[in-house]
Structure formats: C-alpha cells, structure tokens
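J.: Take this structure, written in structure tokens, and hold onto it; I'll ask about it next.
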C-alpha cells in the first residue's frame, strides 16, 4: 500500500496542476483573439486526441505496466505547458492543447489499472477507487481558484510556466517512488479463492460475461455534460478579476463531490445502484440549470458535484466487477475513450447551439438516454449479488 500512498500524492499534484487551468484557458484564448466557437473546437480537439493515447494505453499498460506511462504522461504534459506559455495566436494554442490531450490520455488508464492490481479484494478495490476520486476532488477544490489567482497576480505566461515545471518535477519523483503491482496478481486470485471457505471468497469463481459496449454510453454522457459545464462557466469571466469568481464556481462543484465521497457508508450500496441513481439525479440537476429554476447557481453546481462524487467511483468499481478481474488496462482504456468522446461532443455542441438553446438541455438529454439504456444492457452481465444486493 506504500505505492498507493505515493500514487495518491502524485495524483494530487497532477490533478491540482491540470484543474488549475480550467478557469484560465478560455480567457487566455479570448485574449489571443479566439471566438467562442473556436474555443469549443479547442476543447473538443483536446478530448478527441485522447483517443489514440487511450488505445495505446489499453494494450501498453497490460503488457508493460503503469509506471512508464505515468512518468511519460506527466513529463510530456509539463513540457507542453512550457511551450504554451509562449503562444501568440489561437492556432498555436489549438496545436499544443491537441498534443496535451494525447500525452495526458495515458495517465488515467495507467493510474486506475495500477490501483486495481494492488488487491484482488472487491471491497478494497472499491476503497482504492474511492480514494482516487477523493484525491481528485481534493485537488480540484482549491486548484481552479488557485489558477485564477495565479493569473491575476503573475499573468498567463508565468502561470503556465510554473504549472509546467510542477508537472515535470512530479514526473521525476514518480520515477523513484512508483512501483508496478505484481504482474498477474488479479489472475492468480481465482485459484487461490477456490481453497477458501465460501463466505471468504472475494472474486467470483465463474468468469462474468464480457462488458456490454452500451454500458460505456454512460461515461460518454457524463463527460459530455461536464464538457458543456467546463465550456459555459469560463465564458462568465470577462476580466481577470472575474476569473476568480469562475474559479470559485468550479471549486463549488468539487466541494459537492467531496461531500458525497466523504460519506463512506455509500460504499456499502452496490456499485450498479449508485451508478444508476446518481446519474439520474445528475440529469435532473442539469435540467434544473437549463430551465433556470429559481435556485442559486452555486447550489445547483454543488448538487452536480455531489452526484459526480457518487457516480465516478461507483462506475470504476462496476467496471472492475464486470471485467472479471482481468485486463484492467484495456477496461479503463475504453472508459477513458468514452470520457474523451463525450468531452469532445459536449463543448463542440455547446459552441454551436448556445445562441439558440441552453447547452445544458443537451447534457440532460444525453444523461437520460444513458440512464434509460443502462438497466437494459447490464442486467444480464453483472453478477446478481452485486446487481441487487
């Protein structure tokens, strides 16, 4: 578990660095002369270039382990940020964001796969996934406001340079402190379990069916909704001072996620149920934002974060259950691909329709479609004990 502690520490620094850019990238692009539609394209390209990286990570992590990909991803992302501090037009920024999307695509599958391989106990795996979500959330609580504050004090160029060097130093530290989990630990767990009493079994003796592809429609919808939110909120900032308010709004989302992640008793609820009902609640909240119900935006964003705090760790645990304890790299690679596709669709759609329709309606429709289809295609694949009990 020492590796898990170091991994959480490095993930905190990496997520802090990356989320600090959320409230400042859009104002930076506007300062270079980019239009809202171009900003939507830039955010979409960042996500779509995740796809080749996700595909490479899917096979590479299973074959070569997670350590190399974690180090490479952090190092390359830091170097890109150093170049980003010197851009002078929107097209240069688009190119660098596309490269950044590719190199960062390795980070999530590698980290999730490494965490999953640390134990074959389903309960412990669920706790490790919740820990990953907690670290992610803690970093994202303070980082948006911190990023906006940095730009207000030292400017865009210096802020990007500082954030780049933080990632580079983190990648160097990861070389020395991250160790891959013992290869094949998940696969060897099933024979060992056969020798234990039935009440102590941690893995199903029967290999579960393959994961239905339409299950991944849910992460597409979730990231589509998140992409729309990430596109819309920074457009509220017209000045450097207003970026502080935008950064605080992103932090409110993270605080909401932190609230539900801290409710450890939720881990006793089956992952399938947490995923389904959390997604339904999230869809309702986005409908409320789109229809402009008489509620403060801060409250609605808090509820968005609370729903995400339930869904994201539950979704990772659900995929572990469906995977049968094998090929974690490929499983989480497909999950990252689904997130990338949704994050591409969301900002692109928002940039095209925001003058005619609230983009949050798109988030609501996407989530409702995914929530409707999830029970139809998962009930035959997930073990009954994790489905309803």
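In the working numbering, the protein residues as written are 3 to 391.
Beta carbons are placed, not taken as given, at the ideal position from N, Cα and C, and that holds for glycine.
Since this is a predicted model, take the numbers as computed values, not measurements.
Out of 360, 352 and 368, state which residue places its alpha-carbon closest to the alpha-carbon of residue 38.
T.: Of the candidates 360, 352 and 368, the one whose C-alpha sits nearest the C-alpha of residue 38 is 352.
J.: Check whether the stretch 42–58 and the stretch 335–342 touch, using three or more Cβ-Cβ pairs below 8 Å as the test.
T.: Cβ pair count under 8 Å is three or more, so yes.
J.: Just to confirm, are residue 278 and residue 373 a CB contact at a threshold of 8 Å?
T.: Cβ distance < 8 Å, so residue 278 and residue 373 count as in contact.
J.: Starting from the N-terminal side, write out each stretch of the alpha helix (DSSP H) that is 4 residues or longer and does not extend beyond the stretch 41–101.
T.: DSSP runs (the alpha helix (DSSP H)) wholly in the stretch 41–101: 52–66 and 69–86.
J.: Please report how far the alpha carbon of residue 206 lies from the alpha carbon of residue 355, in whole angstroms.
T.: Any reading at residue 206 must be qualified, since the residue scores a pLDDT of 43, below 50, and its modelled position is unreliable; no value is offered.
J.: Let me confirm a value: residue 1 is counted as buried when at least 16 other C-beta atoms fall within 10 Å, else exposed. Which label applies?
T.: Not covered by the structure: residue 1. The range shown for the chain is 3 to 391.
J.: With 16 as the cutoff for other CB atoms within 10 Å, does residue 134 come out buried or exposed?
T.: So residue 134 counts as buried.
J.: For residue 251 and residue 303, which I take to be in contact (beta-carbon distance under 8 Å), what is that distance rounded to the nearest angstrom?
T.: With a Cβ gap of about 6 Å, residue 251 and residue 303 count as contacting.
J.: Under three-state DSSP, which class holds residue 1?
T.: This structure leaves residue 1 out entirely; the chain is present only between 3 and 391.
J.: Is it right to say residue 324 is buried, meaning 16 or more other beta carbons lie within 10 angstroms of its own, or is it exposed?
T.: Residue 324 is buried by the Cβ-count criterion.
J.: Taking the C-alpha atoms as reference points, what is the distance between residue 67 and residue 5?
T.: Cα to Cα, the separation comes out at about 14 Å.
J.: Do three or more CB pairs link the stretch 259–266 to the stretch 301–321 at distances below 8 Å?
T.: With a cut-off of 8 Å, the stretch 301–321 and the stretch 259–266 count as touching, because enough Cβ pairs lie within range.
J.: Going residue by residue through the stretch 282–327, where are the continuous alpha helix (DSSP H) segments of at least 4 residues, counting only ones entirely within it?
T.: DSSP runs (the alpha helix (DSSP H)) wholly in the stretch 282–327: 299–325.
J.: Looking at the structure shown, is residue 272 part of a helix, part of a strand, or coil, going by DSSP?
T.: Looking at residue 272 - three-state DSSP - the assignment turns out to be coil, as it is neither helix nor strand.
J.: Candidates 346, 141 and 367: which alpha carbon is nearest residue 23's?
T.: Minimum Cα distance to residue 23 is reached at 141.
J.: Using only alpha-carbon positions, find the residue among 99, 344, 367 and 78 that is nearest to residue 289.
T.: With distances taken between Cα atoms, residue 289 lies closest to 367.
J.: Just the C-alpha distance for residue 204 and residue 162, rounded to the nearest angstrom, thanks.
T.: Confidence in residue 204 is poor, its pLDDT being 44 and thus under 50, which makes the residue's placement too unreliable to answer from.
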